[in-house]
Amino acid sequence: MNPKNEDHLQCLFLFAKEGLTIDAMDAFHQQAQLFNKFTVSAIMRSEPVISLVRREIRRLFPDIRIGNENLSQLIENEVIKRDTIEGDKAKEAAARIKKAAGKLERAKNKLEKQAIAEPVS
35 MNPKNEDHLQ CLFLFAKEGL TIDAMDAFHQ QAQLFNKFTV SAIMRSEPVI SLVRREIRRL
95 FPDIRIGNEN LSQLIENEVI KRDTIEGDKA KEAAARIKKA AGKLERAKNK LEKQAIAEPV
155 S
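Everything in the sequence shown is counted per our numbering, starting at 35 for the first residue and increasing by one.
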């Protein structure tokens, strides 16, 4: 352990008296569950990211025509490690991402409905 390393200090804080009283262990566990290779893999395979990569490829190389499906297959088969795509943890991460995206979409729709319902003066 290096006392000048911020990550090492945060790990030590989890065992300190103050860390135990403010539920730092729960926060650390939640962050560890949400920020891992499976979640990042699921995000990279999501439709918005695939579209963004496709758009960037088309911007850099206008002569290349590639579909989202082809790009998705390339990312899954050649770019991302197989163990982050298959298995229970990968399925859990994909479900977590889908749930978060749905929640975001519902919030966006709610704001749009409120904006439409309010009269413009």
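Where is the CB? At the ideal position from N, CA and C, for every residue including glycine.
Where does the unbroken alpha helix (DSSP H) through residue i begin, and where does it stop?
| i | result |
| --- | --- |
| L92 | The sequence as given places Arg at residue 92; Leu does not occur at that position. First-last of the alpha helix (DSSP H) with R92: 81 to 94. |
| F72 | 71 to 78 |
| N111 | Run containing N111: none; DSSP gives neither H nor E here. |
| R130 | 122 to 151 |
Rank the options by C-alpha distance to the C-alpha of residue i and give the top, closest one.
| i | options | result |
| --- | --- | --- |
| S75 | N143, I114, A141 | I114 |
| I119 | N39, R79, F69 | R79 |
| K123 | K71, E81, R89 | K71 |
| G101 | F62, E81, A66, D117 | E81 |
| I77 | A134, N143, A50 | A134 |
| I109 | R88, I98, D57 | R88 |
Buried or exposed: which applies to residue i, given that a residue is buried once 16 or more other Cβ atoms fall within 10 Å of its Cβ?
| i | result |
| --- | --- |
| I150 | exposed |
| F95 | exposed |
| A127 | buried |
| I84 | buried |
| I131 | buried |
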